[in-house]
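Each remark here refers to the structure printed beneath this line.
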Amino acid sequence: MTGSASKVVPLGLETMRACADRTLANDAEVLSPDVLETLTLQLRGHLVLAIPEVETVVHALPEDSVARVCALFCVGDARLRLSAQPGRTLSAHTQRLARSVRALCDHYENDDHQCPNAPERAAYLRMLLHFPGCPDCRTVDGNGEAIGRCLTGDRLYEEYRRARRRPALAPPLTEAARSQGRRFTTYRTGSPPRQQQMVEQQREHRLGGQPRAWMG
Numbered sequence: 000m001t002g003s004a005s006k007v008v009p010l011g012l013e014t015m016r017a018c019a020d021r022t023l024a025n026d027a028e029v030l031s032p033d034v035l036e037t038l039t040l041q042l043r044g045h046l047v048l049a050i051p052e053v054e055t056v057v058h059a060l061p062e063d064s065v066a067r068v069c070a071l072f073c074v075g076d077a078r079l080r081l082s083a084q085p086g087r088t089l090s091a092h093t094q095r096l097a098r099s100v101r102a103l104c105d106h107y108e109n110d111d112h113q114c115p116n117a118p119e120r121a122a123y124l125r126m127l128l129h130f131p132g133c134p135d136c137r138t139v140d141g142n143g144e145a146i147g148r149c150l151t152g153d154r155l156y157e158e159y160r161r162a163r164r165r166p167a168l169a170p171p172l173t174e175a176a177r178s179q180g181r182r183f184t185t186y187r188t189g190s191p192p193r194q195q196q197m198v199e200q201q202r203e204h205r206l207g208g209q210p211r212a213w214m215g
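Just so we're aligned, residue 0 is where the sequence shown starts under numbering that gives the first Met the number 0, counting upward by one.
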């Protein structure tokens with residue numbers, strides 16, 4: 000991991016990633032129960048080693064760092080998955096462990112690594128840290144409705160809403176997909192006249208106006 004934080008037990012990232020990649024490969028669902036059980040034990044061991052190491056290094060980051068918040072969320076997820084029971088299918092449980100191993104490897108290797116939903120996690124944590132200690136945010140009426148006015152709380156909540164609406168990163172489109180998208184766009188923008196008439200009539204009806212008489 001880049002940074003000045005020292006590591007007590009350097010992690011074998013190559014071995015950890017290889018185990019996770021094998022578990023998350025397309026043919027992982029056809030692995031035998033014995034192989035899945037072996038992978039599960041290996042992944043659990045990787046997480047047991049990685050969790051305290053990642054915690055140690057990320058605590059050296061600034062408290063308001065999005066990467067720090069994201070890493071701590073991933074650590075929490077890893078702990079939950081370690082304590083969870085496999086359930087009906089061992090393969091699903093093993094894949095969840097593998098995804099946690101991948102995430103912790105990324106955070107351990109790169110101080111600035113952020114998962115796709117890192118901004119949302121950071122905004123949510125800022126709300127959690129502010130609201131309990133703010134007297135204005137905790138002011139309620141007899142029915143339990145919030146009546147306090149806190150500009151900071153409003154701003155943090157709006158930041159959280161914007162972070163949640165942030166579009167997820169999508170993989171690049173193939174040429175076939177782009178071509179299909181162009182055909183769809185052409186159809187929508189070049190709608191037949193009768194369809195345009197129906198849309199206009201529905202819009203005027205919702206606005207309380209009288210539908211115009213269409214000729215032809």
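Glycine is no exception: its CB is placed at the ideal position from the N, C-alpha and C atoms.
Problem - Under 8 Å between C-beta atoms of Ala77 and Leu42 - result: no
Handout entry: Secondary structure of Ala145, DSSP reduced to three states
Key = strand
Practice task
Would you be able to state if there are at least three C-beta pairs under 8 Å between the stretch 93–100 and the stretch 32–48?
Solution key: yes
Practice task
Within its chain, find whatever has a CB closer than 6 Å to the CB of Val125; leave out the 5 residues flanking it on each side and keep chain order.
Solution key: The sequence given here places Arg at residue 125; Val does not occur at that position. Excluding positions up to five away in sequence, the list reads Leu155.
Handout entry: Beta-carbon contacts of Glu54 that lie in its chain and below 7 Å, excluding the five residues immediately before and after
Key = Val74
Problem - Sufficient close CB pairs (3 or more, under 8 Å) joining the stretch 11–27 to the stretch 59–68 - result: no
Problem - Classification of Pro118 by the beta-carbon crowding that lies within 10 angstroms, buried from 16 upward - result: buried
Exercise for the section: For Leu60, collect the residues of the same chain with a Cβ closer than 7 Å to its Cβ; drop the 5 residues on either side in sequence, then sort them by chain order. Expected result: Ala66, Arg67 and Asp110
Handout entry: Exposure of Leu38, with buried meaning 16 or more beta-carbon neighbours within 10 Å
Key = buried
Exercise for the section: Drop a sphere of 10 angstroms on the beta-carbon of Glu144, count the other beta-carbons inside from all chains shown, and report buried for 16 or more, exposed for fewer. Expected result: exposed
Handout entry: Contact set for Thr138: own chain, Cβ-Cβ below 8 Å, skip 5 residues either direction
Key = Ala145, Ile146 and Gly147
Handout entry: Limits of the unbroken alpha helix (DSSP H) element including His58
Key = Neither: His58 is in no alpha helix (DSSP H) and is coded neither H nor E.
Practice task
Measure the alpha-carbon distance for Val57 versus Leu89 and round it to whole angstroms.
Solution key: 31 Å
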